[in-house]
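See below for the structure under consideration.
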Amino acid sequence: MLVEDMLGDLGCTIVGSAASATEAERVARTAQIDFALLDVNLDGETSFAAADVLRGRQIPFAFVTGYGEQGVRADLRDAPVLSKPIDPRQLARVIEAVD
């Protein structure tokens, strides 16, 4: 199941997606969002700069990674980390926690 489908099933509206770290940072700076889901690895780059922007805007976010918590920069490890493949129930719990 695609992540977008999972989010839609949970009642989320997707306002943007990014395939690169630069694009993710731009979306993080400009989009009106309540929550973000960041894949740590975006075409060989990390989404940590986007996470920094979101944190500065006080927008909650979670990471998605196949490397577990160790794949996340140390100062960002307080954010939820979802393992790949994403369990829809775990995703729902993370989103409910920020509501």
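Take numbering that gives the first Met the number 0: the final residue in the sequence shown is number 98, and no numbers are missing along the way.
Glycine is no exception: its CB is placed at the ideal position from the N, C-alpha and C atoms.
Treat the numbers as computed from the prediction; the structure is a model and nothing was measured.
What residue from the options has the CA that sits closest to residue i's CA?
i	options	result
D98	T64, S16, C11, P87	C11
A96	A48, D51, V52, F34	F34
Does residue i pass the burial test, meaning 16 or more other C-beta atoms within 10 Å, or should it be called exposed?
i	result
M0	Caution is warranted here: a pLDDT of 49 is assigned to M0, below 50, making its placement in the model unreliable, and no coordinate value can be reported.
S46	buried
A50	buried
R92	exposed
T29	exposed
A73	exposed
Determine, using beta carbons only, whether residue i and residue j come nearer to each other than 8 Å.
i	j	result
S19	E3	no
R56	E68	no
G70	V39	yes
A61	L36	yes
L9	I94	yes
State the beta-bridge partners of residue i as determined by DSSP.
i	result
L1	None; L1 has no bridge partner.
D38	V63
S82	T64
E44	L41
Measure the beta-carbon distance from residue i to residue j and round it to whole angstroms, keeping in mind my assumption that it falls under 8 Å.
i	j	result
A27	V52	4 Å
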